[in-house]
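Colleague:
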Amino acid sequence: MGSTTVGILALQGAFYEHVQLLKKAAASLSADNAGSSSQWEFIEVRTPQELERCDALVLPGGESTTISLVAARSNLLEPLRDFVKVHRKPTWGTCAGLILLAESANRTKKGGQELIGGLDVRVNRNHFGRQTESFEAPLDLPFLGEEQPPFPAVFIRAPIVEKILPHQEGEQVAEAQRDETVIAPSRQAEDETARQAMADSVEVLATLPGRAAKLASQGTHIDADKETGDIIAVRQGNVFGTSFHPELTDDARIHSWWLRQVEESVRRRHAKQRA
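Letter by letter, the sequence shown follows residues 4 to 278 in the working numbering.
(1) Locate the beta strand (DSSP E) running through I186, then write down its first and last residues.
(2) Looking only at C-alpha atoms, which of S204, L14, A105 sits nearest to V73?
(3) Tell me, which residues are paired with F154 by DSSP?
(4) Taking the beta strand (DSSP E) that A192 belongs to, which residues open and close that run?
(5) Less than 9 Å between the beta carbons of R198 and R270, yes or no?
(6) Take the Cβ of T97 as the centre, count every other Cβ of all protein chains shown within 10 Å, and call the residue buried at 16 or more, exposed below.
(7) Counting only the same chain and skipping the five closest in sequence on each side, list residues whose C-beta sits under 7 Å from that of N127.
(8) Can you list, in chain order, the residues of its chain whose CB lies under 6 Å from that of E172, leaving out five sequence neighbours each side?
(9) Cutting at 8 Å between CB atoms, please list the residues of its own chain near G240, excluding the five before and the five after it.
(10) My output table needs one value for T69: the three-state DSSP class, helix, strand or coil.
(11) Which value, in whole angstroms, describes the spacing of the CA atoms of K26 and Q180?
(12) Within its chain, find whatever has a CB closer than 7 Å to the CB of H21; leave out the 5 residues flanking it on each side and keep chain order.
(13) Output the boundary residues of the alpha helix (DSSP H) element that contains Q52.
(14) Quick one: what's W261 bridged to in DSSP?
(15) How many Å lie between N129 and E195 at the Cα?
(16) Alpha carbon to alpha carbon, how far is S189 from R160?
(17) Relative to the alpha-carbon of A140, which residue among L211, W43, G148, R56 has its alpha-carbon at the smallest distance?
(18) Could you name the residues that DSSP lists as bridge partners for T1?
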């Protein structure tokens with residue numbers, strides 16, 4: 004495989020930190036030779052032309068409203084929707100990036116926030132409150148592999164996935180009827196290769212445990228299946244979202260895992276194009 008270009012949307016937020024950890028992850032992949040033969044290029048994306056060069060994209064943490072407004076002013080909003088939903092290239096959103104990738108976001112004034120979409124979820128913005136309620140929690144992340152030590156997850160005014168939505172063609176119309184809820188516009192995958200990069204269901208990759216125990220201790224009736232914890236990492240096809248900020252740690256394991264997903268996706272795309 005030749006060089007793979009990963010873009011980091013650099014309009015606002017913690018994009019520089021993502022660049023640094025992606026470089027660290029790429030170095031560790033080639034050092035431990037985990038089947039990685041890729042040459043990686045990491046670029047900051049501020050224009051449609053830069054986005055066009057990318058095989059994969061990271062949407063960083065920051066202010067989701069600001070990012071969407073600057074993207075609209077930079078003529079990047081529609082190209083971003085095309086990247087994620089028409090071309091179906093691998094995309095990862097952290098915190099604000101997760102909000103942008105959701106098909107529905109609540110606690111949002113109409114007109115104040117544009118969504119890109121790609122994940123059939125409803126996110127609850129600022130679920131954990133204001134800046135002062137930021138915290139760090141050790142997370143068990145089974146997708147990183149067996150017997151891995153906990154991941155030091157940093158939450159800053161973090162959103163959570165409040166609901167997994169049924170997959171449907173077109174917009175999430177029922178969500179649009181809800182107060183203070185915005186939805187992403189519908190886009191069709193451009194071809195069979197793009198369609199195969201999609202999935203009809205959302206996979207929950209991590210939850211924040213402890214909420215059920217807390218509710219039970221308050222004497223609140225809980226449905227144990229539904230109250231296992233707040234959903235904080237999801238994947239649907241090659242779109243990935245986390246509530247927390249892996250880029251604000253020195254731990255490159257999630258970045259390494261994601262680069263392997265990108266590598267696999269790019270390999271499949273190239274194989275289809277040659278077939």
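Backbone N, C-alpha and C define an ideal beta-carbon position, used for all residues, glycine too.
No experiment lies behind these values; they were computed from the predicted model shown.
Modeller: According to the structure shown:
(1) In the sequence shown, residue 186 corresponds to position 183, counting from 1. Element bounds for I186: 184 to 186.
(2) Here residue 73 refers to the residue found at position 70 of the sequence shown. Nearest C-alpha to V73: L14.
(3) On the sequence shown, residue 154 is found 151 positions in, with the first residue counted as 1. According to DSSP, which records beta bridges pairwise, F154 is partnered with L142.
(4) As a working mapping, residue 192 is identified with position 189 in the sequence shown. For A192, there is no enclosing beta strand (DSSP E), as DSSP gives it neither H nor E.
(5) Residue mapping note: residue 198 aligns to position 195 of the sequence shown, counting from 1. Residue mapping note: residue 270 aligns to position 267 of the sequence shown, counting from 1. Pairing R198 with R270 gives a Cβ-Cβ distance that is not under 9 Å.
(6) The residue given as residue 97 occupies position 94 in the sequence shown. By the C-beta density criterion, T97 is buried, having at least 16 other C-beta atoms within 10 angstroms.
(7) Position 124 of the sequence shown, counting from 1, holds the residue named residue 127. N109, R110, P162, I163, E165.
(8) Along the sequence shown, read from residue 1 onward, the residue named residue 172 stands at position 169. Contacts found: none.
(9) Within the sequence shown, numbered from 1, the residue matching residue 240 stands at position 237. Once the five neighbours on either side are set aside, the close Cβ partners of G240 are R91, A200, M201, A202.
(10) What you label residue 69 is simply residue 66 of the sequence shown in a count that begins at 1. It is helical.
(11) The count along the sequence shown starts at 1 and reaches residue 26 at position 23. The count along the sequence shown starts at 1 and reaches residue 180 at position 177. K26 and Q180 have their C-alpha atoms some 43 Å from each other.
(12) On the sequence shown, residue 21 is found 18 positions in, with the first residue counted as 1. Closer than 7 Å at Cβ, skipping near neighbours: I11, V61, P63, E250.
(13) Numbered from 1 along the sequence shown, position 49 holds the residue referred to as residue 52. 51 to 55 is the span of the alpha helix (DSSP H), which, as asked, contains Q52.
(14) By 1-based counting over the sequence shown, the position of residue 261 is 258. Per DSSP, none; premise fails for W261.
(15) Within the sequence shown, the letter at position 126 stands for residue 129. Within the sequence shown, the letter at position 192 stands for residue 195. Roughly 37 Å separates the two Cα atoms.
(16) For the purposes of this step, residue 189 is taken as the residue at position 186 of the sequence shown. For the purposes of this step, residue 160 is taken as the residue at position 157 of the sequence shown. Answer to the nearest angstrom: the Cα atoms are 28 Å apart.
(17) Reading the sequence shown from its first residue, position 137 is the one you call residue 140. Out of L211, W43, G148, R56, L211 has the C-alpha closest to the C-alpha of A140.
(18) Only positions 4 to 278 of the chain appear in the structure, and residue 1 is not among them; the question remains open.
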